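Q: Dropping the structure in here first, questions after.
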Amino acid sequence: MTPPRAVTLIGLGPMGQAMVKELLAAGVEVTVWNRTAEKADAMVEFGARRARTVAEALAAAEVTVLSLTHYAAMYDVLGPAAAHLAGKVIVNLSSDSPAATRAGAAWVRGHGGEFLGGGVMAQPDGLTLPSSYLFYSGPREVFDRHRDMLRPLGSQEYLGTDDGLAQLYYQAVLTVFLPWLLGFEQALATIDGSGEDIARFLPYAQRALNGADDFYAGMAAAAQAGGWGDLAALRMMAAGAEHAIATGAAAGIDTSLTETAKTFWHKAIEASEAAGCPVPTYALIRNPRASG
Numbered sequence: 435m436t437p438p439r440a441v442t443l444i445g446l447g448p449m450g451q452a453m454v455k456e457l458l459a460a461g462v463e464v465t466v467w468n469r470t471a472e473k474a475d476a477m478v479e480f481g482a483r484r485a486r487t488v489a490e491a492l493a494a495a496e497v498t499v500l501s502l503t504h505y506a507a508m509y510d511v512l513g514p515a516a517a518h519l520a521g522k523v524i525v526n527l528s529s530d531s532p533a534a535t536r537a538g539a540a541w542v543r544g545h546g547g548e549f550l551g552g553g554v555m556a557q558p559d560g561l562t563l564p565s566s567y568l569f570y571s572g573p574r575e576v577f578d579r580h581r582d583m584l585r586p587l588g589s590q591e592y593l594g595t596d597d598g599l600a601q602l603y604y605q606a607v608l609t610v611f612l613p614w615l616l617g618f619e620q621a622l623a624t625i626d627g628s629g630e631d632i633a634r635f636l637p638y639a640q641r642a643l644n645g646a647d648d649f650y651a652g653m654a655a656a657a658q659a660g661g662w663g664d665l666a667a668l669r670m671m672a673a674g675a676e677h678a679i680a681t682g683a684a685a686g687i688d689t690s691l692t693e694t695a696k697t698f699w700h701k702a703i704e705a706s707e708a709a710g711c712p713v714p715t716y717a718l719i720r721n722p723r724a725s726g
């Protein structure tokens with residue numbers, strides 16, 4: 435008879451709790467530890483086992499998944515129990531930079547453990563949605579050995595042996611999402627501040643996302659060729675930003691996000707005029723010193 439699968443999960447914020455529930459639902463034995471004991475107790479009610487110490491948590495399973503705020507927390511949590519890392523696999527799904535991930539991987543291996551880095555492209559309540567997935571990177575053999583046990587956490591995208599790749603891709607996607615989120619909130623505030631109904635506006639915002647796949651593909655191809663836009667297009671974008679700022683200001687909202695965006699088009703216009711040829715915003719973002 436095949437022994438039951440087991441994993442330890444450390445870090446029980448909203449994402450960590452969601453992971454515990456998905457693992458338990460898939461029949462995985464889960465041991466949990468958290469600095470706030472009450473959160474661990476709550477997971478026990480769902481069927482998890484609570485470890486009293488980090489050392490006990492590490493001893494409970496070969497694989498320990500970390501869901502922490504950043505990599506500094508990994509050292510805080512695992513440092514006092516570093517002697518217990520030998521022979522263990524640390525799967526760190528916390529957010530941080532690629533460099534911090536590579537340093538963390540080296541630290542774990544320096545204490546005799548194995549390491550996988552990851553990035554969770556999902557909301558806590560949507561881990562298993564078709565649109566959700568997890569990036570992984572690190573030694574292929576380590577990923578292959580444990581991928582089935584990790585599968586309940588969501589669709590898997592293995593990127594390669596470089597420990598920092600999962601964080602590189604995770605942070606790049608987050609770079610798209612963060613200003614988009616604020617931009618949408620600014621749009622909603624503009625509508626509401628102008629006395630219009632947000633619900634009436636919503637279908638038009640949703641329509642604006644139609645064809646986003648083709649738009650991304652076109653912009654990516656343009657970036658590979660140096661960037662999109664001639665001088666006329668850059669001036670059109672700068673003017674559009676100014677009109678959006680004026681509209682938002684009239685509605686009494688904070689327009690600083692669009693004001694920041696406008697500066698990039700103005701920089702590109704100035705650089706294009708100085709160079710006598712188009713200098714796209716992508717080129718300035720790719721090489722900031724070119725605008726200085």
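If you count the sequence shown from 1, position 38 lands on 472 in this note's numbering, and the numbers rise without skipping.
By construction, the Cβ of each residue, glycine as well, lies at the ideal position given by its N, Cα and C atoms.
Values in this document were obtained by computation on a predicted structure and should not be read as measured data.
Rounding to the nearest angstrom, what Cα-Cα distance links T442 and V497 in this structure?
A: Cα to Cα, T442 sits roughly 6 Å from V497.
Q: For R439, collect the residues of the same chain with a Cβ closer than 6 Å to its Cβ; drop the 5 residues on either side in sequence, then sort them by chain order.
A: If we look at R439 and ignore the five residues flanking it on each side, its Cβ neighbours are V462 and M583.
Q: Nearest to E704 by CA position, among D688, I687, G686 and R669, is which residue?
A: Comparing Cα positions, the closest option is R669.
Q: Near T562, what residues of its chain come up, given a Cβ to Cβ distance below 7 Å and the 5 sequence neighbours on each side ignored?
A: Only E456 and G588 meet the Cβ criterion.
Q: Among the residues of its own chain, which have a CB less than 6 Å from the CB of R579, if the five just before and after it don't count?
A: Same-chain partners within the cutoff: there are none.
Q: Touching or not, the region 625–636 and the region 647–663, by the rule of three or more beta carbon pairs under 8 Å?
A: With a cut-off of 8 Å, the region 647–663 and the region 625–636 do not count as touching, because too few Cβ pairs lie within range.
Q: Output the boundary residues of the beta strand (DSSP E) element that contains G663.
A: Careful: G663 lies outside any beta strand (DSSP E) and carries neither H nor E.
Q: Please give the ranges of any alpha helix (DSSP H) in the region 485–517, keeping only runs that are unbroken, at least 4 residues long and fully inside the region.
A: Runs found: 488–493 and 505–512.
Q: Just mark A651 as buried or exposed, buried being the case when its beta carbon has 16 or more other beta carbons within 10 Å.
A: When all chains shown are included, A651 counts as exposed.
Q: So, under 8 Å CB-CB, A491 and A482 are touching, yes? Tell me the CB distance rounded to an integer number of Å.
A: Going by Cβ atoms, the distance from A491 to A482 rounds to 11 Å, so no, they are not a contact pair.
Q: Using the C-alpha atoms, what's the distance from T487 back to A632?
A: Here the sequence assigns Ile to residue 632, which means Ala is not the residue at that position. C-alpha separation (whole angstroms): 49 Å.
Q: Between T715, A533 and P558, which has its C-alpha nearest D665's C-alpha?
A: Note on identity: in this sequence residue 665 is Leu, with Asp being the wrong assignment. Among T715, A533 and P558, the Cα nearest to that of L665 belongs to T715.
Q: How long is the line joining the alpha carbons of E575 and T692, rounded to whole angstroms?
A: Near 46 Å, if we compare the C-alpha coordinates of T692 and E575.
Q: Looking at the structure shown, is S690 part of a helix, part of a strand, or coil, going by DSSP?
A: Helix, per DSSP.
Q: Rounded to whole angstroms, what's the CA-CA distance from D597 to D688? Just pull it up for me.
A: Rounded to whole angstroms, D597 to D688 spans 39 Å at the Cα level.
Q: Quick one: grab the DSSP three-state call for P437.
A: Residue placement at P437 cannot be trusted, given a pLDDT of 47 that sits under 50; what the coordinates show is reported in the next sentence. It is coil, neither helix nor strand.
Q: Just reading off the alpha helix (DSSP H) that F635 is part of, what are its end residues?
A: I632 to A642 is the extent of the alpha helix (DSSP H) around F635.
Q: Given this structure, state the Cα-to-Cα distance separating G546 from D510, to the nearest angstrom.
A: If I take the Cα positions, the gap works out to 18 Å.
Q: What does a CB cutoff of less than 7 Å around M449 pick up in its chain, not counting 5 residues either side in sequence?
A: If we look at M449 and ignore the five residues flanking it on each side, its Cβ neighbours are S501, V554 and P558.
Q: What is the DSSP secondary structure of M480, counted as helix, strand or coil?
A: The sequence given here has Phe at residue 480, not Met. Looking at F480 - three-state DSSP - the assignment turns out to be coil, as it is neither helix nor strand.
Q: Looking only at its chain, what residues have a beta carbon closer than 6 Å to the beta carbon of A678, apart from the 5 residues adjacent to it on each side?
A: These residues qualify, in order along the chain: T692.
Q: DSSP state of G551, grouped into three classes?
A: In the structure shown, G551 sits in a strand (DSSP, three-state: E or B).
Q: Please report the residue range of the beta strand (DSSP E) in which T465 lies.
A: Residues E463 to W467.
Q: Using DSSP with H/G/I as helix, E/B as strand and the rest coil, what is Q451?
A: Helix.
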